[in-house]
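Since the structure comes first, as C-alpha cells, the remarks are kept for the end.
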Amino acid sequence: MFKKNMILTNLSHTFLTGFPLEEKSPDQILFFDIETTGLGWKRSIVYLIGAVHYKNEQWILTQWFAETEDEEKEILVDFYLLADRKSYFIHYNGTSFDVPYLKQKYNFYQLFHPFTDKKQLDLYQKFMPLKKLFKLENMRQKDLESLLSYPRKDTFSGRELIQKYKEYLKNPASEGLELILLHNFDDLMGMIALRSLFSFFQLWNGSCIIRKASVISTETYEGTEEPELLITLDLHVPLPFPFSFSKAGYYLTGKDRQAHIKSPVKDGMLKLYFQDYQNYYYLPLEDTAIHKSIGGYVDKEHRIKATPELCYQKFECTEEFLEDPEKLLRYVRGVLGVLRM
Numbered sequence: 027m028f029k030k031n032m033i034l035t036n037l038s039h040t041f042l043t044g045f046p047l048e049e050k051s052p053d054q055i056l057f058f059d060i061e062t063t064g065l066g067w068k069r070s071i072v073y074l075i076g077a078v079h080y081k082n083e084q085w086i087l088t089q090w091f092a093e094t095e096d097e098e099k100e101i102l103v104d105f106y107l108l109a110d111r112k113s114y115f116i117h118y119n120g121t122s123f124d125v126p127y128l129k130q131k132y133n134f135y136q137l138f139h140p141f142t143d144k145k146q147l148d149l150y151q152k153f154m155p156l157k158k159l160f161k162l163e164n165m166r167q168k169d170l171e172s173l174l175s176y177p178r179k180d181t182f183s184g185r186e187l188i189q190k191y192k193e194y195l196k197n198p199a200s201e202g203l204e205l206i207l208l209h210n211f212d213d214l215m216g217m218i219a220l221r222s223l224f225s226f227f228q229l230w231n232g233s234c235i236i237r238k239a240s241v242i243s244t245e246t247y248e249g250t251e252e253p254e255l256l257i258t259l260d261l262h263v264p265l266p267f268p269f270s271f272s273k274a275g276y277y278l279t280g281k282d283r284q285a286h287i288k289s290p291v292k293d294g295m296l297k298l299y300f301q302d303y304q305n306y307y308y309l310p311l312e313d314t315a316i317h318k319s320i321g322g323y324v325d326k327e328h329r330i331k332a333t334p335e336l337c338y339q340k341f342e343c344t345e346e347f348l349e350d351p352e353k354l355l356r357y358v359r360g361v362l363g364v365l366r367m
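Just so we're aligned, residue 27 is where the sequence shown starts under this note's numbering, counting upward by one.
Given below as C-alpha cells:
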C-alpha cells in the first residue's frame, strides 16, 4: 500500500465557516472521496481513498492507494483508523455511492465500518435545490466547480481513471500513479471549494435585508411601457459569481452582496404568495386563494385545492407597502417561493 500525506498550507481552520457544520470543531470533520474500478462492489475494488482532516492545527490530505488489488483490505483498515475518530463526514454524492459501497466492503472483510452514528453532509443533495437557479442540466461536482472557475488540473473522468489504474497494475513505473492521485486530490479540493455556494441559500431562502423598493417603468418587447416593482436586497454574505434567473414574470439577479427582484404590477396590484399552499383553496372566479378554515364554507364547485402557482392573494402596491420593510420581506419570500418551484 502506498500512503501519501500532504499538509494543505493554503487552508486555515476559518475556511469551514462556509459550511453548515453546527459549530463542529475542525478535528471532528472529515472530507473524503473514493476511486473504484466499478460501481458494483462485488465485481470491483476500491483502489484509492482520499481524505482531508485536521491534526496538530493544520489540515492534512491523506491518500491510501492499493498498489495491487490484494491491498484493498489494507487501505480500508487504514482509512477506518482515521475515520472512526471523526464524527462528521462531508462528501459529494457519498450517500448514494461512496458510503454504501464502503459499508459493503467492510462487511465483506468482516470489519467494522466507521459510519455508525456519524453525521454526514452530502454536498450533492445539499446543493440540488440550487439546480434551477444555476440553470444546470447535471449536478456533477465538476459542473459546480466550473461555475466557480475552480482550477482543476486533472482532465480524466472516473471511468478513464479505471483504465489508468489497470495500466499502472501492469506497469507500476509509469506516470499513472501521479495522474490517479491528482484526480482524487482535485476531487477533494474541488469539494472544499464548493463551500462558497452556500451563500446562495441566504438569498434563495429569503435571509436578506430590504434596502429599497420602488415602482419603475420598463419597456416591453412590443415597445410599450409597463410598471414593475424593483426591490433591492442586501445580502449577509457575498455571492461567488453574478447570476440571473426568471420565472412566471419575476426576475431575480444577484452580484456580490446585493440582489434585485423585479415583479410585474398589473393594474396597480401585486400577488402575495403563501408557501403553505396545502392549507389553501383557490377560487377561480375571484382569482384568489383563501385559507381552508374559511374556504370550507365555499361551494365545492367554486373552489379547487391550491397549488404553489395559485396560492396567492392580490393587494394594492401602495406607498405604505413600499416603505414597510417587514411587509416587503414577506412579499420577497413569497416571490422566491415561486422561483424555487
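Note that CB positions come from ideal geometry on N, CA and C, so glycine has one too. Only a predicted model underlies this, so the values are computations on that prediction, with no experimental measurement involved.
Residue i burial status per 10 Å Cβ neighbour count (16 or more: buried)
i, result
"Gln-304", "exposed"
"Phe-91", "buried"
"His-262", "exposed"
"Ala-199", "exposed"
"Gly-64", "exposed"
"Arg-185", "exposed"
"Phe-153", "buried"
"Arg-111", "exposed"
"Thr-43", "exposed"
"Thr-142", "exposed"
"Phe-226", "buried"
"Pro-264", "exposed"
"Leu-223", "buried"
"His-117", "buried"
"Ser-289", "buried"
Endpoints, the beta strand (DSSP E) within which residue i is located
i, result
"Asp-59", "55–62"
"Met-32", "28–33"
"Phe-91", "84–91"
"Phe-115", "114–117"
"Thr-314", "314–317"
N-terminal and C-terminal residue of the alpha helix (DSSP H) that residue i is part of
i, result
"Phe-160", "157–160"
"Tyr-306", "Tyr-306 -> not in any alpha helix (DSSP H); beta strand (DSSP E) instead, spanning 306–309."
"Glu-100", "98–109"
"Asp-124", "124–134"
Proximity test, residue i beta-carbon vs the ligand MN heavy atom, cut-off 8 Å
i, result
"Leu-348", "Ligands in the displayed structure: none, and consequently the ligand MN is not present."
DSSP state of residue i mapped onto helix, strand, coil
i, result
"Thr-43", "helix"
"Lys-341", "Lys is not the amino acid found at residue 341; the sequence shown has Phe there. Note: Phe-341 maps to strand in three-state DSSP."
"Tyr-357", "helix"
"Ala-332", "coil"
"Val-72", "strand"
"Leu-147", "strand"
"His-209", "helix"
"Lys-81", "strand"
"Phe-141", "coil"
"Asp-169", "helix"
"Leu-65", "coil"
"Met-215", "helix"
"Lys-50", "coil"
"Ser-38", "coil"
"Gly-120", "coil"
"Gly-363", "helix"
"Tyr-323", "coil"
"Glu-349", "coil"
"Glu-95", "helix"
CA nearest to the CA of residue i, picked from the options
i, options, result
"Glu-342", "Gly-294, Gly-322, Ala-332", "Gly-294"
"Lys-129", "Tyr-106, Tyr-114, Leu-147", "Tyr-106"
"Phe-28", "Leu-56, Gln-54, Thr-88", "Thr-88"
"Ser-122", "Pro-52, Asp-148, Leu-102", "Asp-148"
"Leu-34", "Glu-201, Asp-110, Phe-211", "Phe-211"
"Asp-96", "Ser-70, Lys-238, Leu-223, Leu-311", "Ser-70"
"Gln-339", "Val-324, Leu-348, Val-361", "Val-361"
"Lys-190", "Gln-284, Leu-205, Pro-177", "Leu-205"
"Gly-76", "Gly-120, Gly-321, Ser-270", "Gly-120"
"Lys-273", "Lys-158, Tyr-194, Arg-178", "Lys-158"
"Asp-282", "Gln-228, Glu-335, Glu-345, Phe-41", "Gln-228"
"Phe-57", "Pro-351, Tyr-132, Asp-124, Val-72", "Asp-124"
"Pro-310", "Pro-266, Lys-318, Ile-330, His-317", "Ile-330"
"His-209", "Thr-62, Arg-237, Phe-45, Thr-258", "Thr-62"
"Phe-269", "Gly-249, Lys-192, Val-291, Leu-156", "Leu-156"
"Pro-351", "Thr-258, Gln-84, Glu-254, Tyr-299", "Thr-258"
"Gln-151", "Val-72, Leu-170, Val-364", "Leu-170"
"Leu-203", "Met-217, Ile-188, Leu-214, Pro-126", "Ile-188"
"Phe-134", "Cys-337, Glu-98, Tyr-114, Pro-290", "Glu-98"
"Glu-335", "Val-291, Phe-300, Lys-318", "Phe-300"
"Ser-51", "Tyr-80, Ile-320, Pro-177", "Tyr-80"
"Asp-104", "Asn-82, Trp-85, Tyr-132, His-117", "Tyr-132"
**Message:** Quick check for students: name the residue ranges of the beta strand (DSSP E) that lie wholly in the stretch 229–299, counting only runs of 3 or more.
**Reply:** 234–245, 251–261, 269–273, 276–281, 284–290, 295–299
**Item:** Those runs of the alpha helix (DSSP H) which lie wholly inside the stretch 171–205 and span at least 4 residues
**Value:** 184–196
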